[in-house]
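Residue numbers (the numbering used here): 18 to 225. C-beta: ideal position from N, C-alpha, C; glycine also. Since this is a predicted model, take the numbers as computed values, not measurements.
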């Protein structure tokens, strides 16, 4: 900041995933993913806020995942953190908008990086969960290096939203991310509609 006279954009991009069934994970392993993938974002964001608030402008870009909208077997800790990032960012946006600070949560699909390759660890799997977890790991390993998303184009898209006056609150990246998010949204809307009568039945004056 001393060199450039301020802070224009903060991009929170660090993160990793270990694959395991939730029941199989130790508390330490679960917490480690929450620390890296959620509290890392919280801490850097909080450190930047005083600077951005004082200068009256700035953009915080949280690199999350389409996993903050969907549920993927074996990624319980990772996706718990990503859902937390999305919620944290949505609330933060309401608190800092009046200071000229904008918040965008970026939700990539499968980008051609090493995220699902050597960078990902498979934690020990208990016998009951082997048929559930091991095929997931195998699919991830096979997909590594063949993902449809271009990281360079993803980076260009992120740069683009930092240069507009009305950036999105959430930005999906990749046709696969768009399709997955749409499927989940449609299923949730259908469930809400199916159970609407029961949902609305808890008011004091509701008909029994």
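Item: Would residue 28 and residue 90 qualify as a contact pair, given that the criterion is a beta-carbon distance under 8 Å?; Value: no
Item: Report yes or no: do three or more beta-carbon pairs, one from the segment 179 to 199 and one from the segment 107 to 127, lie closer than 8 Å?; Value: yes
Item: Grab me the residues of residue 68's own chain with a C-beta within less than 6 Å of its C-beta, minus the 5 sequence neighbours each way, in chain order.; Value: 24
Item: Can you tell me whether residue 164 is helix, strand or coil according to DSSP?; Value: coil
Item: Under the rule that 16 or more other beta-carbon atoms within 10 Å means buried, what is residue 78, buried or exposed?; Value: buried
Item: Considering only residues of the same chain and omitting the five flanking positions on each side of residue 194, which have a CB-CB separation below 7 Å?; Value: 83, 124, 125, 126
Item: Between residue 81 and residue 103, which are expected to be in contact by the criterion C-beta below 8 Å, what is the C-beta distance as a whole number of angstroms?; Value: 6 Å
Item: Using a 10 Å radius around the Cβ and a threshold of 16 neighbouring Cβ atoms, would you call residue 54 buried or exposed?; Value: buried
Item: Residue ranges of each alpha helix (DSSP H) run of no fewer than 4 residues wholly in the segment 27 to 95, ordered along the chain?; Value: 44 to 51, 57 to 72
Item: Return the chain-ordered list of same chain residues with a C-beta closer than 7 Å to the C-beta of residue 39, the five sequence neighbours on each side being excluded.; Value: 93
Item: In chain order, what residues of the same chain lie with their CB nearer than 8 Å to the CB of residue 129, ignoring the 5 residues before and after it?; Value: 162, 163, 164, 165, 166, 167, 168
Item: Buried or exposed: which applies to residue 173, given that a residue is buried once 16 or more other Cβ atoms fall within 10 Å of its Cβ?; Value: exposed
Item: DSSP has residue 139 in a bridge; who is on the other side?; Value: 36
Item: Alpha carbon to alpha carbon, what distance is there between residue 220 and residue 214?; Value: 11 Å
Item: Compute the Euclidean distance between the alpha carbons of residue 191 and residue 44, then round it to the nearest angstrom.; Value: 33 Å
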